[in-house]
Amino acid sequence: LRLAKQVLDQNGTLAIFPEAGSWLNQLRPARPGAAFLASTAQAKLLPVALTGVEDIFPSLKWFKKASVVVKIGKPFGPFYVSEKGERSRENLDRIGAEIMQEIANLLPDNKRGFLSSDPSIRELVASTRYPWELEQEK
């Protein structure tokens, strides 16, 4: 997070998956890191949604092109969090929820994960563990 903040402090651009990775192909709630960076750097955010990324490697196996769609939303923010402790975490969670909603608005409903209107998709995402949680169980 410190290196990412240095990039932002130097007016650099940083791409981040707020839900801590792209391994599920469904949106999950944001982890606090993206909201923390956005608020401490007071950076504007640009929501980007990717679909079809999961088809890249399988397509390469057959020497075919994958169809990847990139949708870019409108910039929003910056956000400010002045409190520390529990109140700060509540604000970071609120900012994270807003970030994920902006991304979800760019996706088809079947890719919105925990923000989908389909209860079966929301249930699937809720029951999926993060990769590092699985590693801790070993």
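Residue 238 in the working numbering sits at position 53 of the sequence shown, and the numbers go up by one each step. Cβ atoms here follow ideal geometry from the backbone N, Cα and C, with glycine treated the same way.
Compare the C-beta of Gln191 against all C-beta atoms of chain D and say whether one is closer than 8 Å.
Here chain D cannot be found, since the structure has a single protein chain.
Please return the same chain residues whose Cβ sits closer than 7 Å to the Cβ of Val192, not counting the five positions on each side in sequence.
Leu199
Could you tell me the distance, in whole angstroms, from the CA atom of Glu308 to the CA atom of Arg213?
11 Å
Cut-off 8 Å between Cβ atoms - residues of its own chain near Leu222, not counting five sequence neighbours on either side:
Leu186, Ala189, Lys190, Leu193, Leu199, Ile201 and Ala228
Beta-carbon spacing of Ala220, Ile288 below 8 Å
no
Where does the unbroken alpha helix (DSSP H) through Lys229 begin, and where does it stop?
Per DSSP, Lys229 belongs to no alpha helix (DSSP H) and is neither H nor E.
Is the CB-CB distance between Gln240 and Ser252 below 8 Å?
As written in the sequence, residue 240 is Asp, which differs from the Gln given in the question. In contact: Asp240 and Ser252 (Cβ atoms closer than 8 Å).
How would you label Gly298, buried or exposed, when you count the other beta carbons within 10 angstroms and need 16 or more for buried?
buried
Specify the secondary structure class of Phe261 as computed by DSSP and reduced to three states.
strand
According to DSSP, residues forming a beta bridge with Thr236:
Val254
For a test of the three-state rule: what should DSSP assign to Ile201, helix, strand or coil?
coil
So, Leu230 versus Gly262, is the Cβ gap smaller than 8 Å?
yes
Considering Cα atoms alone, identify which of Ser301, Ile257 and Ser273 is closest to Gly218.
Ser273
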